[in-house]
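Everything on this sheet refers to the single structure shown next.
Number of protein chains: 2
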Amino acid sequence: MAAKVNNPAELFAAALEGNRAALARLLSLIERGGPDARAVGRLAYPLSGEGYTVGLTGAPGAGKSTLTSATISHLRSLELEVAVLAIDPSSPFTGGAILGDRVRMQDHATDPGVFIRSMATRGHLGGLSLATPEAVRLLDAIGRRWILVETVGVGQVEVEIAGKADTTVVVVNPGWGDSVQANKAGLMEIADVFVINKSDRAGADQTRRDLEGMLDLSDLAHSAWRPPIIATVGTTGQGVPELWEAVLAHREHATSSGQLSERRTFRMSEELREIVAERLRERARQLCTGERWEELTRSVIDHVVDPWSAADEMLAPVEA
Amino acid sequence: MAAKVNNPAELFAAALEGNRAALARLLSLIERGGPDARAVGRLAYPLSGEGYTVGLTGAPGAGKSTLTSATISHLRSLELEVAVLAIDPSSPFTGGAILGDRVRMQDHATDPGVFIRSMATRGHLGGLSLATPEAVRLLDAIGRRWILVETVGVGQVEVEIAGKADTTVVVVNPGWGDSVQANKAGLMEIADVFVINKSDRAGADQTRRDLEGMLDLSDLAHSAWRPPIIATVGTTGQGVPELWEAVLAHREHATSSGQLSERRTFRMSEELREIVAERLRERARQLCTGERWEELTRSVIDHVVDPWSAADEMLAPVEA
């Protein structure tokens, strides 16, 4: 691109030809939300559907970034291309820059087979729960077949986002069984593969027994897929090939059992519901401003109109 | 009432005549939400506006119930009638019963000048943030002039609910300055009066100095009303008359400065916005079900329609 374009269609055409700057700009548009984000979505949608997403989540400090970096190296050794989205719901903005704590991912910064991007909320109205699937579809549409979605932190939103991948990897550390703050039930529910990272530390065997015990007690005990537990050391790459084998095994299971198709259907239905809800919220914001809104509020305060009748009146245009 | 009636209008008429069982049933209707709750709201609205609400909030264990009970005793000694709403957002239901930890309020259970009621979410769609102002208006409409709203816990919702009173009392304990989990900034923002309860314990003077220091640094330092800090011992009633004097002083200030009218206007505007948003959520739930919805979702999954066009189609009836 000689001149700086911001037109979604031109950016999309450039990204399809491998222009990384254009791809980064498209992701910024998605992050920002609004009509441009929707335009990107409409362009990407018909071309998407071939990519496979792997979610990575776990408590802060579990070593997710290091593990992601080691996984990238492994995929590159297999000559696979990979895209990574690092999602940080707690951060108000990223500016598209690589976050401080993923400096080690910069090992891959000059590798054209790797694309890494951090995403934060940045005013996207539906938040990251709407922006993430849009970003995944864009990466998918431009031909990335493996998309890793790493979430930072372990709140409800993080777990939800990571849980929406085709295969979800939950990263824990030795001693995890003792920690109180981890959202264990939530993580148990979304895990397709468990990783005990930093497994060279004391307590790894106990953590494996704890996890097996929890799995025995969970609904997963008798399901067709029991999440395997893989021991890794992210800093050395130990166990990473086994982790990737486990991901591929889950993918095989999910595909042949119909789970993958079911999950994608459910996800799309949820996303659609969220898009509808978001549109209605936007509509409510439009309705609840301006002169007529202020007059009505005043009438309610003066006891001329009750609040429910006032709401009826404001909503008349959408109740047809 | 000889026969058991559930008709909002009959219940309301009975409550107006002082029937406490009818009042309790009306509050259950509000708690439950839906058309009956709205019917109660419409009946109460025209008669409300004379009551004054005092919010009480603070960390669990701060002694709010004991303090509330002591305040009730003080108001009764002044021959004032009082109604108390104890709001517990974390509890899924109350059944209208008095919660375990407010057993001591049962001292007042047989006093006709006192009405105490616990409220929990119980499926009210808009949650307690919608049910609480409705309950307050009902108590107001049937002639209760003093309404205490006590919130259990100190999360965002509790602070919001308590902060919507005409006068908000924030209860802390000696040592509060050291605690990390308290939402100090949030409490600072809503406090009209600070209470150091259990002030006979060590550290009360230090807590007062901490509070004064925080007030000096806050926006309140130069405002027309600086929240006074009252030391109390809820179990003995010590300091409670001073607390009540502080509430009355704030009320006087709020009335003469126009703050009361401003706050009520803002509150009503927020509530109206919430009612509109709730109606739209209800509309979204209606839209996102049924055969047409399933067909559209299927088309999106099959890449026949993109998600935004599908949302457009679902929303066509409300976008007119």
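Going down the list, the protein sequences come from chains R and P. Under the working numbering, the first residue of the first sequence is numbered 69, with each subsequent residue one higher. Under the working numbering, the first residue of the second sequence is numbered 69, with each subsequent residue one higher. Each residue gets a CB set at the ideal place from its N, CA and C atoms; glycine is no exception. Source: prediction; values computed, not measured.
Just reading off the beta strand (DSSP E) that residue i is part of, what are its end residues?
{"i": "V122 of chain P", "result": "120-126"}
{"i": "E147 of chain R", "result": "Premise fails: E147 of chain R is in no beta strand (DSSP E) and is neither H nor E."}
{"i": "I184 of chain R", "result": "182-187"}
{"i": "L84 of chain R", "result": "Careful: L84 of chain R lies outside any beta strand (DSSP E), inside the alpha helix (DSSP H) at 76-84."}
{"i": "I210 of chain R", "result": "Neither: I210 of chain R is in no beta strand (DSSP E) and is coded neither H nor E."}
{"i": "T236 of chain R", "result": "235-240"}
What does residue i reach in chain R if we use C-beta pairs closer than 7 Å?
{"i": "L383 of chain P", "result": "V344, R347"}
{"i": "E339 of chain P", "result": "P375"}
{"i": "R106 of chain P", "result": "W376"}
{"i": "R110 of chain P", "result": "D374, W376"}
Alpha carbon to alpha carbon, what distance is there between residue j and residue i?
{"i": "P385 of chain R", "j": "E338 of chain R", "result": "26 Å"}
{"i": "V227 of chain R", "j": "R144 of chain P", "result": "51 Å"}
{"i": "R110 of chain P", "j": "A77 of chain P", "result": "10 Å"}
{"i": "M282 of chain P", "j": "V315 of chain R", "result": "53 Å"}
{"i": "V373 of chain P", "j": "T178 of chain R", "result": "37 Å"}
{"i": "E118 of chain R", "j": "A209 of chain R", "result": "8 Å"}
{"i": "H290 of chain R", "j": "E320 of chain R", "result": "19 Å"}
{"i": "L288 of chain R", "j": "A322 of chain R", "result": "14 Å"}
{"i": "W214 of chain R", "j": "L146 of chain R", "result": "12 Å"}
{"i": "N87 of chain P", "j": "I140 of chain P", "result": "20 Å"}
{"i": "L84 of chain R", "j": "L364 of chain P", "result": "28 Å"}
{"i": "D380 of chain P", "j": "W312 of chain R", "result": "40 Å"}
{"i": "P416 of chain R", "j": "V237 of chain R", "result": "A question about residue 416 of chain R goes unanswered here, because the residues of chain R that appear run from 69 up to 388."}
{"i": "I155 of chain P", "j": "L383 of chain R", "result": "30 Å"}
{"i": "L115 of chain P", "j": "D273 of chain P", "result": "45 Å"}
{"i": "R360 of chain P", "j": "R353 of chain P", "result": "13 Å"}
{"i": "D278 of chain P", "j": "V122 of chain P", "result": "24 Å"}
{"i": "M336 of chain R", "j": "A253 of chain R", "result": "24 Å"}
{"i": "V301 of chain P", "j": "K266 of chain P", "result": "5 Å"}
{"i": "G211 of chain P", "j": "E218 of chain P", "result": "19 Å"}
{"i": "T162 of chain R", "j": "P103 of chain R", "result": "With a pLDDT of 41 at T162 of chain R, under the threshold of 50, the modelled position of this residue cannot be trusted, and the question is left open."}
{"i": "R349 of chain P", "j": "G181 of chain R", "result": "44 Å"}
{"i": "L391 of chain R", "j": "S133 of chain R", "result": "Past the edges of chain R, shown from 69 to 388, lies residue 391 of chain R, and the structure says nothing about it."}
{"i": "K232 of chain R", "j": "A292 of chain R", "result": "19 Å"}
{"i": "R399 of chain R", "j": "F80 of chain R", "result": "Beyond the ends of chain R as shown, which are 69 and 388, falls residue 399 of chain R; an answer cannot be given."}
{"i": "A138 of chain R", "j": "T303 of chain R", "result": "7 Å"}
{"i": "A82 of chain P", "j": "N74 of chain P", "result": "11 Å"}
{"i": "D49 of chain P", "j": "V150 of chain P", "result": "Because chain P here runs from 69 to 388, residue 49 of chain P falls outside it and cannot be looked at."}
{"i": "W376 of chain P", "j": "F183 of chain R", "result": "27 Å"}
{"i": "R100 of chain P", "j": "A230 of chain P", "result": "21 Å"}
Specify the secondary structure class of residue i as computed by DSSP and reduced to three states.
{"i": "W293 of chain R", "result": "coil"}
{"i": "V373 of chain P", "result": "coil"}
{"i": "T389 of chain R", "result": "The question about residue 389 of chain R has no answer, for chain R in this structure spans 69 to 388."}
{"i": "T304 of chain R", "result": "coil"}
{"i": "A177 of chain R", "result": "coil"}
{"i": "V220 of chain P", "result": "coil"}
{"i": "A154 of chain P", "result": "strand"}
{"i": "A384 of chain P", "result": "helix"}
{"i": "A299 of chain P", "result": "strand"}
{"i": "R332 of chain P", "result": "helix"}
Along the alpha helix (DSSP H) that carries residue i, what are the first and last residues, could you check?
{"i": "T275 of chain R", "result": "272-285"}
{"i": "L115 of chain P", "result": "No alpha helix (DSSP H) contains L115 of chain P, which DSSP labels as neither H nor E."}
{"i": "L288 of chain P", "result": "Segment: none, L288 of chain P is in no alpha helix (DSSP H) and carries neither H nor E."}
{"i": "A253 of chain P", "result": "252-258"}
{"i": "S96 of chain R", "result": "88-100"}
Rounded to whole angstroms, how far is the Cβ of residue i from the Cβ of residue j, which I believe are closer than 8 Å?
{"i": "Y391 of chain R", "j": "R185 of chain R", "result": "Since the first residue shown for chain R is 69 and the last is 388, residue 391 of chain R is missing from the structure and cannot be characterised."}
{"i": "E63 of chain P", "j": "I297 of chain P", "result": "Since the first residue shown for chain P is 69 and the last is 388, residue 63 of chain P is missing from the structure and cannot be characterised."}
{"i": "L153 of chain R", "j": "T136 of chain R", "result": "Between T136 of chain R and L153 of chain R the Cβ distance is about 10 Å, and since that is not below 8 Å, they are no contact."}
{"i": "V108 of chain P", "j": "L91 of chain P", "result": "The pair is not a contact, with the Cβ atoms about 11 Å apart (cut-off 8 Å)."}
{"i": "D234 of chain P", "j": "L328 of chain P", "result": "6 Å"}
Just the chain R side, please: which residues come within less than 9 Å of residue i by C-beta, in chain order?
{"i": "V204 of chain P", "result": "The premise fails here: V204 of chain P is roughly 13 Å from chain R at the closest Cβ pair, so nothing lies under 9 Å."}
Taking C-beta pairs closer than 8 Å, name the residues in chain R that residue i reaches, listed in chain order.
{"i": "Y113 of chain P", "result": "H371, D374, P375"}
{"i": "G117 of chain P", "result": "H371"}
Along chain P, in chain order, which residues have C-beta atoms closer than 7 Å to that of residue i?
{"i": "V368 of chain R", "result": "M336, L340"}
{"i": "A379 of chain R", "result": "L340, I343, V344, R347"}
Closer than 8 Å by beta-carbon distance: list the chain P residues that pair up with residue i, in chain order.
{"i": "A352 of chain R", "result": "R341, V344, A345, L348"}
{"i": "L355 of chain R", "result": "V344"}
Could you list which residues in chain P have their beta carbon closer than 9 Å to that of residue i, in chain order?
{"i": "T333 of chain R", "result": "T365, R366, I369"}
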